[in-house]
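Q: The working numbering applies: residue 4 is where the sequence shown begins, and numbers increase by one.
Glycine included, every Cβ here is placed at the ideal spot set by N, Cα and C.
Here it is, the structure, as structure tokens.
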Amino acid sequence: MLERIISILFPVFFIIAVGYFVARRDKPDMTIANKLTMDVFTPALVFAALVSRDFHVAQFWRLGLAMLLITAGCGVAGYLLARALREDFRTIVPPMMFGNSANLGIPLAVLAFGDSALQPAVILFMVSSVLHFGYGGWLLDNKVHLGNLWKVPSVIATLLGLAVSLSGIVVWQPLVIALKLLGDITIPLMLFALGVRMTDVSLDGWRLGVIGGLARPLIGAALSALMVWLFHLHGFEAALLIIYGALPPAVMNFLFSERYGQEPHKVASIVLLGNLISVGVLPIVLAFALR
């Protein structure tokens, strides 16, 4: 078991470490790469996974609904935590709700369970992503229109992919292969970009960072275990949900807080320390989930 956990986590943290040390030495500008990841590579990954011939949306409805409830539950817990710490709830709630489902979730799913886990991992990612761009943006700025969701490439790819899958249309296989090749760029580039991002984040407010960084995976994992029991999930679906519930705060939380001026230095600490703490948390979660 220990050897399997190391074999899953080592590639993830190795690529993150490479990104970190390269950034410390060369300070690469990842702006264009991150934009391509969000606007091209991730949508290609999502669409290719959804239109695959062996994909059936109906078989993952419980997983998607469970993820929705976990995200909402983490939001309630974040609000209560903010009240207890006497912090602005808009600073605490988003990092509690939205885990690192892209940078860590999808790579961990594929490394732990193989290519068969990509489709449910994409479903979990898209539930979190749509909520983040929709509710998360509105929470930080009530003037944000939910109609802007239709402009997000990943959301567009999801809707098109679901429409094609449900309609039974068979997409020309060479096109699917081409999109999959584009999508394969996503995972290593996301991990590398996470390492680069870690060099830019301040440790100011480390106390709040430690509390938030620990609370997110603990509460998320507990809610995931509850959903596994409630929805009678088994096998790698149950394991996948627990892993996703225990993920650290998403880097996107920092970008959102910076964009809307919502105490970015505090959110940065929660994100950075949460991802550092995950080095110790994820092996324990994997050991439980893989049993």
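Within the continuous alpha helix (DSSP H) that includes Thr45, where are the two ends?
A: From DSSP, the alpha helix (DSSP H) with Thr45 extends over 45-53.
Q: Can you give me the C-alpha to C-alpha distance between Lys183 and Ser119, rounded to a whole angstrom?
A: Straight-line Cα distance between these residues: approximately 14 Å.
Q: For Gly102, write down the residues that DSSP places opposite it in a beta bridge.
A: Paired residue(s): Pro252.
Q: With a 10 Å radius around its C-beta and 16 neighbouring C-beta atoms as the bar for buried, classify Arg27 as buried or exposed.
A: Exposed.
Q: Which two residues bound the contiguous alpha helix (DSSP H) that contains Ala218?
A: 209-233 is the span of the alpha helix (DSSP H), which, as asked, contains Ala218.
Q: Would you mind working out which of Gly283, Val199, Gly238 sits nearest Gly22, comparing C-alpha positions?
A: It is Val199.
Q: Between Ala290, Leu226, Arg210, which has its C-alpha nearest Gly277's C-alpha?
A: The shortest C-alpha separation from Gly277 is found at Arg210.
Q: Give the DSSP-derived three-state secondary structure of His237 in the structure shown.
A: If DSSP states are grouped into helix, strand and coil, His237 belongs with coil.
Q: Three or more beta-carbon pairs under 8 Å between the stretch 152-168 and the stretch 39-46, yes or no?
A: Cβ pair count under 8 Å is three or more, so yes.
Q: So, at 7 Å on beta carbons, what are the nonlocal neighbours of Ile273 in its own chain, with the 5 sequence-adjacent residues on each side left out?
A: Once the five neighbours on either side are set aside, the close Cβ partners of Ile273 are Pro98, Leu211, Gly212, Gly215, Gly216, Pro252.
Q: So, with DSSP's three-state summary, where would you put Lys269?
A: Residue state, collapsed to three classes: helix.
Q: In three-state terms, what does DSSP make of Gly22?
A: Helix, per DSSP.
Q: Pull up the CB-CB distance for Met70 and Ser131, whole angstroms please, since I reckon it's below 8 Å.
A: Met70 to Ser131, Cβ: 7 Å. Contact.
Q: So Ile246 packs on Val288, CB below 8 Å; how close in whole Å?
A: Between Val288 and Ile246 the Cβ distance is about 6 Å, and since that is below 8 Å, they are a contact.
Q: Report all residues from its chain with a CB closer than 7 Å to the CB of Ala224; omit the five preceding and five following residues, and keep chain order.
A: The answer, listed in chain order, is Ile245, Gly248, Ala249, Val288.
Q: Secondary structure at Arg200, three-state DSSP: helix, strand or coil?
A: Looking at Arg200 - three-state DSSP - the assignment turns out to be helix.
Q: Comparing C-alpha positions only, which one of Glu266, Ala196, Thr202 sits nearest to Ala35?
A: Just to set this straight, residue 35 is Ile in the shown sequence, not Ala. The option with the nearest alpha carbon to Ile35 is Ala196.
Q: Quick one: give me the first and last residue of the alpha helix (DSSP H) that Pro31 is part of.
A: No alpha helix (DSSP H) contains Pro31, which DSSP labels as neither H nor E.
Q: Specify, as a first and last residue, the run of the alpha helix (DSSP H) that Tyr82 falls within.
A: Start and end: 64-88.
Q: If contact is defined by three or more beta carbon pairs under 8 Å, each pair taking one atom from either stretch, is the stretch 72-84 in contact with the stretch 108-119?
A: With the cut-off at 8 Å, the stretch 108-119 and the stretch 72-84 do not touch.
Q: Where does His135 land, buried or exposed, given buried means 16+ other C-beta within 10 angstroms?
A: Label assigned to His135: buried.
Q: Please report the distance separating the alpha-carbon of Ala52 from that of Ser260.
A: The straight-line gap from Cα to Cα measures roughly 31 Å.
Q: Relative to the alpha-carbon of Ser10, which residue among Gly67, Leu66, Phe116, Val25 has its alpha-carbon at the smallest distance?
A: It is Phe116 whose Cα lies nearest to the Cα of Ser10.
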